[in-house]
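J.:
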Amino acid sequence: EPEVTQTPSHQVTQMGQEVILRCVPISNHLYFYWYRQILGQKVEFLVSFYNNEISEKSEIFDDQFSVERPDGSNFTLKIRSTKLEDSAMYFCASSEDFYGYTFGSGTRLTVV
Amino acid sequence: DAKTTQPTSMDCAEGRAANLPCNHSTISGNEYVYWYRQIHSQGPQYIIHGLKNNETNEMASLIITEDRKSSTLILPHATLRDTAVYYCIVRLSNDMRFGAGTRLTVKP
Chain A
10 EPEVTQTPSH
20 QVTQMGQEVI
30 LRCVPISNHL
40 YFYWYRQILG
50 QKVEFLVSFY
60 NNEISEKSEI
70 FDDQFSVERP
80 DGSNFTLKIR
90 STKLEDSAMY
100 FCASSEDFYG
110 YTFGSGTRLT
120 VV
Chain B
143 DAKTTQPTSM
153 DCAEGRAANL
163 PCNHSTISGN
173 EYVYWYRQIH
183 SQGPQYIIHG
193 LKNNETNEMA
203 SLIITEDRKS
213 STLILPHATL
223 RDTAVYYCIV
233 RLSNDMRFGA
243 GTRLTVKP
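These protein sequence lines map, in sequence, to chains A and B. With positions in the first sequence counted from 1, the corresponding number in the numbering used here is that position plus 9. With positions in the second sequence counted from 1, the corresponding number in the numbering used here is that position plus 142.
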């Protein structure tokens, strides 16, 4: 069964550093998403991406966040200057159509 | 998107049917009902979705009341691996937004 692949599975970074989280969506999917989950809290929507542009973003997705699809296969989330409160599990998802999202297994980001 | 209300937690015996309720009394005519689950810290997993009619797939059945104000997700023969947080989401066109969900514990 096709999968959404996320790398790395765990990343530790120092506060103030830039970090890039990588995702390889399912190949024929057109819609891409990032979500995050702070430990013990609910899954929070960050951003959706379609046709090479952001289609929707939440209030969490401020200027320190950016997304990019640098080639035909990767989808990245960049956090420019990490803060302690950015520590969370980050999930990438993709969908072929409007309905069912397929999520990756996540990247656990720890900011120290 | 309409708000949903789910019980915080439920238990189910292994091998029995798990019936997870969801209230969405403010649902509008074109909003779909979606169910996802999250096992431990894994990414959420799509289960099923529906608009008006009942739906069934290899994972579960979705029963939507005639007035569409509530729905029930049915796992026909729950196993220990079905222990997870189950999310009911009502959505028209915005992206998927997760609430707190129902923590289902399947017990031997």
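For each residue, glycine too, the CB sits at the ideal point set by N, CA and C.
Tell me which same chain residues have a C-beta within less than 7 Å of the C-beta of Thr91/A, skipping the five on either side of it?
T.: For the purposes of this step, residue 91/A is taken as residue 82 along the first sequence, with counting starting at 1. Only Thr22, Met24, Gly25, Gln26, Val28 and Val120 meet the Cβ criterion.
J.: Since Phe100/A meets chain B, which of its residues come closer than 8 Å, beta carbon to beta carbon?
T.: Along the first sequence, one-based indexing puts residue 100/A at 91. Neighbours of Phe100/A on chain B, chain order: Gly185 and Pro186.
J.: Once you ignore the five residues that flank Val76/A on each side, which residues in its own chain have a CB closer than 6 Å to its CB?
T.: Within the first sequence, residue 76/A is the residue found at index 67, counting from 1. Excluding residues within five positions, the ones whose Cβ falls inside 6 Å are Val56, Phe58 and Leu86.
J.: How should Pro11/A be labelled, buried or exposed, when 16 other C-beta atoms within 10 angstroms of its C-beta is the threshold for buried?
T.: Residue 11/A sits at position 2 when you count from the first residue of the first sequence. Label assigned to Pro11/A: exposed.
J.: Go ahead and pull the three-state DSSP assignment for Leu86/A.
T.: Sequence index remark: in the first sequence, residue 86/A carries index 77 (1-based). In the structure shown, Leu86/A sits in a strand (DSSP, three-state: E or B).
J.: With 7 Å as the limit, tell me which residues of the segment 49-80 of chain A have their beta carbon closer than that to any beta carbon of chain B; keep them in chain order.
T.: Against chain B - using a Cβ distance shorter than 7 Å - the residues of the segment 49-80 of chain A are Lys51, Val52, Phe54, Ser57 and Glu65.
J.: Residues in the segment 217-243 of chain B with C-beta within 7 Å of chain A's C-beta atoms, listed in sequence order?
T.: For the segment 217-243 of chain B, which is checked against every Cβ of chain A, the residues closer than 7 Å are Asn236, Asp237, Met238, Arg239, Phe240, Gly241 and Ala242.
J.: Can you check which of these residues, Phe84/A, Ser82/A, Arg45/A and Gly49/A, is closest to Ile69/A by C-alpha distance?
T.: Position 60 of the first sequence holds residue 69/A. The option with the nearest alpha carbon to Ile69/A is Arg45/A.
J.: Would the segment 159-173 of chain B count as touching the segment 96-103 of chain A if we require 3 or more Cβ pairs under 8 Å?
T.: Taking 8 Å as the limit for Cβ pairs, the verdict is that the segment 96-103 of chain A does not touch the segment 159-173 of chain B.
J.: Any residues in the segment 188-219 of chain B with a beta carbon nearer than 8 Å to a beta carbon of chain A? Which ones, in chain order?
T.: Those residues of the segment 188-219 of chain B that come within reach of chain A (Cβ to Cβ, closer than 8 Å) are Tyr188 and His191.
J.: Which two residues bound the contiguous beta strand (DSSP E) that contains Ile189/B?
T.: Within the second sequence, the letter at position 47 stands for residue 189/B. Run containing Ile189/B: Gln187 to Gly192, per the beta strand (DSSP E) assignment.
J.: Rounded to the nearest angstrom, how far is the Cβ of Val227/B from that of Arg245/B, given a contact under 8 Å?
T.: One-based indexing of the second sequence puts residue 227/B at position 85. One-based indexing of the second sequence puts residue 245/B at position 103. Contact flag correct, Cβ pair sits at about 5 Å.
J.: If the criterion is Cβ atoms closer than 8 Å, does the pair Thr111/A and Val13/A meet it?
T.: The residue given as residue 111/A occupies position 102 in the first sequence. The residue given as residue 13/A occupies position 4 in the first sequence. Closer than 8 Å, so yes.
J.: Residues of the segment 84-95 of chain A in Cβ contact with chain B at a cutoff of 9 Å, in chain order, please.
T.: Within the segment 84-95 of chain A, no residue has a Cβ that lies closer than 9 Å to any Cβ of chain B.
J.: If I follow the unbroken beta strand (DSSP E) through Ile63/A, where does it start and stop?
T.: Translated into positions along the first sequence, residue 63/A becomes position 54. Residues Glu62 to Lys66.
J.: Rounded to the nearest angstrom, how far is the Cβ of Ile216/B from that of Ser203/B, given a contact under 8 Å?
T.: Your numbering for residue 216/B matches position 74 in the second sequence. Your numbering for residue 203/B matches position 61 in the second sequence. Confirmed, Cβ separation roughly 4 Å.
J.: Provide the residue span of the beta strand (DSSP E) that contains Phe54/A, from first to last.
T.: Translated into positions along the first sequence, residue 54/A becomes position 45. Glu53 to Tyr59 is the extent of the beta strand (DSSP E) around Phe54/A.
J.: Could you have a look at Glu197/B and say whether DSSP puts it in helix, strand or coil?
T.: For the purposes of this step, residue 197/B is taken as the residue at position 55 of the second sequence. Looking at Glu197/B - three-state DSSP - the assignment turns out to be strand.
J.: Check whether chain B comes within 8 Å of Ser103/A, counting only Cβ atoms and requiring the distance to be less than that.
T.: Walking along the first sequence from the start, residue 103/A turns up at place 94. So, not an interface residue.
J.: Answer yes or no: do Glu65/A and Asp237/B have a C-beta to C-beta separation smaller than 8 Å?
T.: One-based indexing of the first sequence puts residue 65/A at position 56. One-based indexing of the second sequence puts residue 237/B at position 95. Contact flag set, yes.
J.: For chain A, check one thing: does any of its Cβ atoms lie closer than 8 Å to the Cβ of Gln148/B?
T.: Residue numbering aside, residue 148/B sits at position 6 when the second sequence is read from its first letter. False, the Cβ-Cβ gap to chain A never drops below 8 Å.
J.: With a threshold of 16 other CB atoms inside 10 Å of the CB of Gly243/B, please say whether the residue is buried or exposed.
T.: In the second sequence, the residue the question calls residue 243/B occupies position 101. So Gly243/B counts as buried.
J.: Chain B beta carbons: is any one of them nearer than 8 Å to that of Thr14/A?
T.: In the first sequence, residue 14/A corresponds to position 5, counting from 1. By this cut-off, Thr14/A is not an interface position.
J.: Can you tell me the Cα-Cα spacing of Leu93/A and Ile47/A, whole angstroms?
T.: Along the first sequence, read from residue 1 onward, the residue named residue 93/A stands at position 84. Along the first sequence, read from residue 1 onward, the residue named residue 47/A stands at position 38. Going by the C-alpha atoms only, they are around 11 Å apart.
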